[in-house]
């Protein structure tokens, strides 16, 4: 068991004891158990899974952020975080379409392509997590 | 002694003023509640962000490599002043602007350029012919993430491109409804994070994934954004608190004024009645002869 706190700029999402945790690091998914070595890593859009004290698995969509693990305490700073039930599927679909449209217009500047790509991956991730949890 | 009609008219005016200040007080109270909630929600994130940065600095040996930390000789400085869009909030704007102005009059190094947040700050510095490079107004008393992000991008880009060498930020930190503190701090370059060598909880040989450089590259813009959002959110809450107090006082004063005017009115009324009675009595006396 170790302590997990998930904080976003809008709210403290949860502070709880967990058995295990899986997060999408920039170099790929990584699993965390108790007494993990101290680690700091950036996160990419993806799926977070944690198993709580009653061995119940929770699945969340994260759109990026950071995690710091030390002394049996994991602190996750997420840009946004939503459980499967909180995801607005229609909104995610609309965001995907908008991003694809923007990427199709190749004549815009590089920065806006990057932003559209990031928006697209966030939207696809939300849709995927929604699919996994419903 | 003012006539009865005059006093009555004044009472009516003061009553309607009181009604307005009372309404403004309640609006400010509602806005304050939301702003205060926002402040309380952003604080934990900002705190954890600070912790993570100092752990990162403690754990990554060698030089911190990120442009936000770069300290250069100062040729040009940017001053950001966060005030409010609207007045009628007591000395809120006066205080923050005075503080910024004092700093400016104290011969800061290099050339100065100003970024204002809120109409009140903009009006002040425009009148005094300071070079204003940007003004972010019309917040409507609430945080607008897009505006905050644009402002943060503008500032960080100017700094990274070498167009400015130091960014000084003035805002108000919200303490309670009746108290706020004016803060002047350096926004960029970010001061080297401090860490305690003896504190075992910080320097425990962190693993970094991918490299510390890449984590800095991802973390620093979020850090800058968090600081910007904090400054704006705290200022908004202080503004609403200050307005609520000012309007509350105004309402109380109006109440006292109504009381004293009513007293005047009654005195004048009694005086008139007495006068009329005297006339009737003396008239009757005269007739009896």
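Chains as they are written, first to last, in my numbering: chain V, 40 to 173; chain F, 42 to 330.
We put the CB at the ideal spot given by N, CA and C, even for glycine.
Check	Outcome
Exposed unless 16 or more other CB atoms sit within 10 angstroms - verdict on residue 57 of chain F	exposed
Residue 211 of chain F and residue 225 of chain F closer than 9 Å at C-beta	yes
Contained beta strand (DSSP E) runs [length at least 3] in the region 157-228 of chain F, N- to C-terminal order	173-177 and 207-217
Assigned exposure category for residue 68 of chain V - 16 Cβ within 10 Å defines buried	exposed
Local Cβ density within 10 Å of residue 174 of chain F, reported as buried at 16 or more and exposed below that	exposed
Straight-line Cα distance separating residue 142 of chain V from residue 241 of chain F	With a pLDDT of 48 at residue 241 of chain F, under the threshold of 50, the modelled position of this residue cannot be trusted; read the value that follows with caution. One C-alpha to the other measures close to 48 Å.
Residue nearest to residue 134 of chain F in terms of C-alpha spacing, selected from F:88, F:143 and F:123	F:123
Three-state secondary structure (DSSP) of residue 49 of chain F	helix
Contact set between residue 66 of chain V and chain F, taken where Cβ atoms lie within less than 8 Å	250 and 251
Residue 48 of chain V beta carbon less than 9 Å from that of residue 270 of chain F	yes
Which listed residue (F:265, F:229, F:192 and F:129) has its alpha carbon closest to that of residue 281 of chain F	F:129
Host beta strand (DSSP E) of residue 97 of chain V (start-end)	96-101
Contact check, residue 74 of chain V vs residue 88 of chain V, beta carbons under 9 Å	no
Backbone secondary structure at residue 154 of chain V - three-state DSSP	helix
Bridge partners - residue 91 of chain V, DSSP secondary structure assignment	V:57
Contact set between the region 67-86 of chain F and chain V, restricted to residues whose Cβ is under 9 Å from the partner	79, 82, 83, 85 and 86
Bounding residues of the alpha helix (DSSP H) (the contiguous stretch that carries residue 263 of chain F)	253-329
Boundaries of the beta strand (DSSP E) in which residue 72 of chain V is found, first to last residue	Segment: none, residue 72 of chain V is in no beta strand (DSSP E) and carries neither H nor E.
Contacts around residue 305 of chain F, its chain only, beta-carbon distance under 8 Å, and the 5 residues preceding and following it disregarded	43 and 48
Residue-level contact to chain F via CB, residue 79 of chain V, 9 Å cutoff	yes
Of the listed residues V:125, V:115 and V:151, nearest to residue 169 of chain V (C-alpha basis)	V:125
Within chain V, the residues that residue 255 of chain F reaches when beta carbons sit closer than 8 Å	65 and 81
First and last residue of the uninterrupted alpha helix (DSSP H) at residue 81 of chain V	Element bounds for residue 81 of chain V: not the alpha helix (DSSP H) but the beta strand (DSSP E), 78-82.
Which of helix, strand or coil DSSP assigns to residue 86 of chain V	strand
Whether residue 79 of chain V touches residue 108 of chain V by CB criterion (9 Å)	yes
Through-space distance from residue 156 of chain F to residue 116 of chain F, alpha-carbon basis	17 Å
Short CB-CB distance (under 9 Å) between residue 129 of chain F and chain V	no
DSSP-derived helix/strand/coil call for residue 341 of chain F	Not covered by the structure: residue 341 of chain F. The range shown for chain F is 42 to 330.
Collapsed DSSP secondary structure at residue 74 of chain F in the structure displayed	helix
Selected residue, minimal CA-CA separation from residue 252 of chain F, among F:84, F:100, F:50 and F:64	F:100
Contacts around residue 91 of chain V, its chain only, beta-carbon distance under 8 Å, and the 5 residues preceding and following it disregarded	55, 56, 57, 58 and 97
Local conformation of residue 108 of chain F per DSSP, three classes	helix
Option nearest residue 110 of chain F by Cα separation, candidates F:136, F:206, F:159 and F:77	F:206
CB contact below 9 Å: residue 260 of chain F versus chain V	yes
Short Cβ contact (9 Å threshold) for residue 114 of chain V with residue 185 of chain F	no
For residue 124 of chain F, the first and last residue of its enclosing beta strand (DSSP E)	Residue 124 of chain F -> no beta strand (DSSP E), and no H or E assigned at all.
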